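K.L.:
I'd like to ask you about the structure that follows.
Number of protein chains: 2
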Amino acid sequence: MSIPTPDHQRLIRKLKSIYRLDREDEMALGELPLRHKAVEENADVVREGDAPNECCLLLEGILCRYKIVGDGRRQILSFHIGGDVPDLQSLHLDVMDHSVGALTPCRLAFIPHEAMAALLRERPNLAAAFWRDTLIDAAVFREWLAGVGRRNSHQRVAHLYCEVFSRLEAVGLASNLNFPFPVTQAEIADALGLTPVHVNRVLQDLRRDGLIASDGRSLRILDWGRLTSAGDFDATYLHLRQAA
Amino acid sequence: MSIPTPDHQRLIRKLKSIYRLDREDEMALGELPLRHKAVEENADVVREGDAPNECCLLLEGILCRYKIVGDGRRQILSFHIGGDVPDLQSLHLDVMDHSVGALTPCRLAFIPHEAMAALLRERPNLAAAFWRDTLIDAAVFREWLAGVGRRNSHQRVAHLYCEVFSRLEAVGLASNLNFPFPVTQAEIADALGLTPVHVNRVLQDLRRDGLIASDGRSLRILDWGRLTSAGDFDATYLHLRQAA
DNA sequence: CGTGTTATTGACCAACATCAAACTTAGTGG
DNA sequence: CCACTAAGTTTGATGTTGGTCAATAACACG
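For the protein sequence lines, the chains are A and B, in the order given.
All residue numbers for the first sequence refer to this note's numbering, where the first residue is 27 and numbers rise by one.
All residue numbers for the second sequence refer to this note's numbering, where the first residue is 27 and numbers rise by one.
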């Protein structure tokens with residue numbers, strides 16, 4: 027029983043952003059075996075149809091989950107940041123119904139399902155925390171579904187930026203409204219059900235209106251209040267704990 | 027310890043469509059206390075912002091989950107049929123981030139969170155079954171997200187009809203390709219991110235092409251093969267067990 | 001410096017939305 | 001059994017958001 031490593035801390039920090047953990051929970055998480063791996067930009071981590079026997083903890087970089095529909099077009103389903111376990115579901119859903127890919131070079135750590143299952147058996151509080159995590163996942167899908175279905179392009183972009191900032195802040199990866207976000211316009215388009223050309227035009231509008239400043243690598247939110255209202259954003263669906 | 031009632035059987039049947047239960051699991055489920063309630067068409071069962079202390083088991087009728095976005099437009103997030111527990115998540119997410127409403131008159135049964143939690147503590151196998159259920163829920167959101175983001179209106183309608191049939195069949199509520207589906211075109215539009223007028227035109231195309239026959243009350247799938255390919259439908263994401 | 005990726009621009013287009021009216025159907029009460 | 005009504009469906013005319021295509025500009029990287 028030793029102090030959790032910084033890599034374990036990433037996971038702990040994430041879980042603490044959504045659920046109350048006690049000292050023993052943290053220690054137990056610290057014992058999880060991690061098989062480290064670096065992946066390069068655009069590599070797939072898991073692919074639709076796979077039946078993985080480990081989960082993937084993201085330590086550094088940005089991952090996304092995505093589906094390719096019949097005619098080859100891509101829909102990005104979620105973005106993931108340090109501390110996330112984007113394929114936690116594979117613990118209970120044998121075969122992947124979507125893929126996980128790296129949008130930037132990433133540092134990952136794989137955790138065997140066996141180890142994860144044993145931990146959850148031991149510690150019901152952690153089982154609850156992880157279950158809650160997957161439920162929040164679903165809540166985010168719902169919000170995106172509402173956005174793609176019923177919000178216009180400007181609202182969608184603004185909403186996405188609000189969400190990304192809120193989530194980064196919740197795990198201590200952004201402390202002010204200026205933070206790295208190296209995601210291309212084409213990727214944003216795939217996440218929002220738009221085309222890259224149109225995303226580009228929307229971004230120009232948002233910049234012209236003084237809501238954001240962005241190059242392809244980082245994002246600066248210039249007016250949080252107006253950005254949230256432009257994006258119809260309300261963080262309730264993220265189900266974050268009040269204080270971290 | 028007695029034979030589970032037909033109402034309990036609905037729930038058992040649903041869970042068995044996605045997970046292996048043993049005899050004791052079924053018996054334990056049969057002991058769940060059910061507080062029955064009938065709701066009329068268009069009534070809300072739970073509302074965004076509520077913090078319910080019971081879950082809602084649907085026995086008869088059709089429920090939907092939905093969100094209202096900033097400008098008052100509605101996005102339907104999911105349809106639910108007999109055996110579903112659409113707000114199971116409320117067990118771990120205190121405050122509702124969306125509403126649950128009745129699309130038809132419904133028979134419901136409420137199960138106290140307390141009773142549900144006790145059952146899951148007792149029977150890890152059932153905890154796994156319910157967790158899996160919420161994960162499949164999320165898988166369906168993902169599929170809808172991909173549809174609204176990247177499929178055209180014809181594909182979306184066809185896909186929805188394939189999904190509805192597959193789910194009804196999995197729990198024994200449809201045995202052939204002709205089944206009741208009393209959902210209005212306006213509701214379908216709200217589920218698919220379209221307008222009622224456009225849904226109407228798409229339906230006319232699908233009927234003209236001999237894929238379906240439908241009035242507002244029931245749906246007959248005339249050509250399953252062509253409907254699935256028109257809708258780019260692959261049931262993998264429903265994560266059903268091979269045999270019921 | 002090339003070279004490849006990403007961002008930007010412009011001209012044009014199509015899918016789907018909007019608006020408004022008419023038609024159908026199911027239910028209700030006389 | 002027949003108005004009457006309300007909800008849902010269908011139709012037509014027209015509008016707009018966002019898509020498509022194609023070219024150019026700006027970077028980043030080796």
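In this text, a Cβ means the ideal position worked out from N, Cα and C, and glycines have one as well.
Here the structure is a predicted model, which is why all the values come from computation and not from measurement.
Listing by chain order, which chain A residues have their CB less than 7 Å from the CB of residue 167 (chain B)?
P.N.:
Going along chain A in sequence order, the residues near residue 167 (chain B) (Cβ under 7 Å) are 164, 167, 168 and 171.
K.L.:
Does residue 94 (chain A) come out as helix, strand or coil in the three-state DSSP assignment?
P.N.:
Here residue 94 (chain A) sits in strand by DSSP.
K.L.:
If you pair each beta-carbon of the segment 160-176 of chain B with each one of the segment 227-238 of chain B, do three or more pairs fall below 8 Å?
P.N.:
These segments do not touch.
K.L.:
For chain A, find out if any of its Cβ atoms is closer than 9 Å to the Cβ of residue 154 (chain B); answer yes or no.
P.N.:
Yes, contact with chain A.
K.L.:
Kindly confirm or deny that the segment 49-69 of chain B and the segment 119-134 of chain B touch, where touching means at least three C-beta pairs closer than 8 Å.
P.N.:
Taking 8 Å as the limit for Cβ pairs, the verdict is that the segment 119-134 of chain B does touch the segment 49-69 of chain B.
K.L.:
What residues in its chain sit with their C-beta under 6 Å from that of residue 217 (chain A), if we drop five residues either side in the sequence?
P.N.:
Closer than 6 Å at Cβ, skipping near neighbours: 102.
K.L.:
Using only CA atoms, which one of B:184, B:189 and B:61 lies nearest to residue 138 (chain B)?
P.N.:
Nearest C-alpha to residue 138 (chain B): B:61.
K.L.:
What would DSSP say about residue 86 (chain B), mapped onto helix, strand or coil?
P.N.:
Here residue 86 (chain B) sits in strand by DSSP.
K.L.:
Should residue 262 (chain A) be flagged as near chain B, meaning a C-beta pair shorter than 9 Å?
P.N.:
Output row for residue 262 (chain A): interface = yes.
K.L.:
Using C-beta distances below 7 Å, list every residue in its chain close to residue 58 (chain A), excluding the 5 sequence neighbours before and after it, in chain order.
P.N.:
Taken in chain order, the residues that qualify are 34, 137, 141 and 145.
K.L.:
In chain B, which residues lie with their C-beta within 8 Å of the C-beta of residue 250 (chain A)?
P.N.:
Under the 8 Å cutoff, chain B gives no residues; its nearest Cβ is about 17 Å from residue 250 (chain A).
K.L.:
Counting only runs of 3+ residues fully inside the segment 239-269 of chain A, write out the beta strand (DSSP E) ranges in chain order.
P.N.:
Runs of the beta strand (DSSP E) inside the segment 239-269 of chain A: 244-247.
K.L.:
From residue 270 (chain A) to residue 97 (chain A), what does the alpha carbon distance come to, in whole angstroms?
P.N.:
The predicted position of residue 270 (chain A) is uncertain, since its pLDDT is 47 and thus under 50; no value can be drawn from it.
K.L.:
Kindly list the residues whose CB is nearer than 8 Å to the CB of residue 100 (chain A), restricted to its own chain and excluding five residues on each side of it in sequence; keep chain order.
P.N.:
92, 93, 94 and 216, listed in sequence order.
K.L.:
Judging by CA-CA distance, which residue of B:179, B:54, B:90 and B:151 is the nearest neighbour of residue 223 (chain B)?
P.N.:
Of B:179, B:54, B:90 and B:151, the residue nearest in Cα terms is B:179.
K.L.:
Taking residue 137 (chain A) as part of the beta strand (DSSP E), name the residues at either end of that continuous run.
P.N.:
Start and end: 132-138.
K.L.:
Mind checking residue 160 (chain A): buried by the 16 CB within 10 Å criterion, or exposed?
P.N.:
Buried, since its Cβ has 16 or more Cβ neighbours within 10 Å.
K.L.:
Hey, does residue 218 (chain A) have any beta-carbon neighbour from chain B nearer than 9 Å?
P.N.:
Closer than 9 Å to some Cβ of chain B, the Cβ of residue 218 (chain A) qualifies, so yes.
K.L.:
Can you give me, in chain order, the residues of the segment 114-139 of chain A that have a beta carbon less than 7 Å from any beta carbon in chain B?
P.N.:
The segment 114-139 of chain A vs chain B, Cβ under 7 Å: 115, 118, 119, 121, 123 and 124.
K.L.:
Pick from B:157, B:187 and B:90: whose alpha carbon is nearest that of residue 240 (chain B)?
P.N.:
Per the Cα distances, B:187.
K.L.:
Using a C-beta cutoff of 9 Å, does residue 43 (chain B) count as contacting chain A?
P.N.:
Output row for residue 43 (chain B): interface = no.
K.L.:
I need the boundaries of the alpha helix (DSSP H) containing residue 101 (chain B), first residue and last residue.
P.N.:
Element bounds for residue 101 (chain B): not the alpha helix (DSSP H) but the beta strand (DSSP E), 100-106.
K.L.:
Any idea if residue 48 (chain B) is buried or exposed, counting beta-carbon neighbours within 10 angstroms, 16 or more meaning buried?
P.N.:
When all chains shown are included, residue 48 (chain B) counts as exposed.
K.L.:
In whole angstroms, give me the CA-to-CA distance for residue 262 (chain A) and residue 203 (chain A).
P.N.:
Cα to Cα, residue 262 (chain A) sits roughly 19 Å from residue 203 (chain A).
K.L.:
Starting from the Cα of residue 85 (chain A), find the closest Cα among A:189, A:79, A:63 and A:212 and give me that residue.
P.N.:
Of the candidates A:189, A:79, A:63 and A:212, the one whose C-alpha sits nearest the C-alpha of residue 85 (chain A) is A:63.
K.L.:
Which residues in chain A have a C-beta closer than 7 Å to the C-beta of residue 175 (chain B)? List them in chain order.
P.N.:
Within chain A, the residues near residue 175 (chain B) are 101, 174 and 219.
K.L.:
Going by DSSP in three states, residue 34 (chain B) sits in which element: helix, strand or coil?
P.N.:
Correct three-state label for residue 34 (chain B): helix.
K.L.:
Taking Cβ-Cβ distances shorter than 8 Å, what residues in chain A pair up with residue 63 (chain B)?
P.N.:
Chain A residues near residue 63 (chain B): none, gap ~24 Å exceeds 8 Å.
K.L.:
Does residue 104 (chain B) pass the burial test, meaning 16 or more other C-beta atoms within 10 Å, or should it be called exposed?
P.N.:
By the neighbour-count rule (16 or more Cβ atoms within 10 Å), residue 104 (chain B) is buried.
K.L.:
In the structure shown, what three-state DSSP assignment does residue 75 (chain A) receive?
P.N.:
If DSSP states are grouped into helix, strand and coil, residue 75 (chain A) belongs with coil.
K.L.:
Quick one: Cα of residue 120 (chain B) to Cα of residue 120 (chain A), how far?
P.N.:
Approximately 28 Å, taken between the alpha carbons.
K.L.:
Using only the alpha-carbon positions, how far apart do residue 258 (chain B) and residue 243 (chain B) sit?
P.N.:
One C-alpha to the other measures close to 25 Å.
K.L.:
Between the alpha carbons of residue 117 (chain A) and residue 125 (chain A), how many angstroms are there, rounded?
P.N.:
Near 15 Å, if we compare the C-alpha coordinates of residue 125 (chain A) and residue 117 (chain A).
K.L.:
How big is the Cα-Cα spacing for residue 46 (chain B) and residue 155 (chain B)?
P.N.:
Each residue's Cα considered, the two are about 8 Å apart.
K.L.:
Determine the chain B residues that contact residue 161 (chain A) at a beta-carbon separation under 7 Å, and present them in chain order.
P.N.:
Simply 115, 118, 119 and 160.
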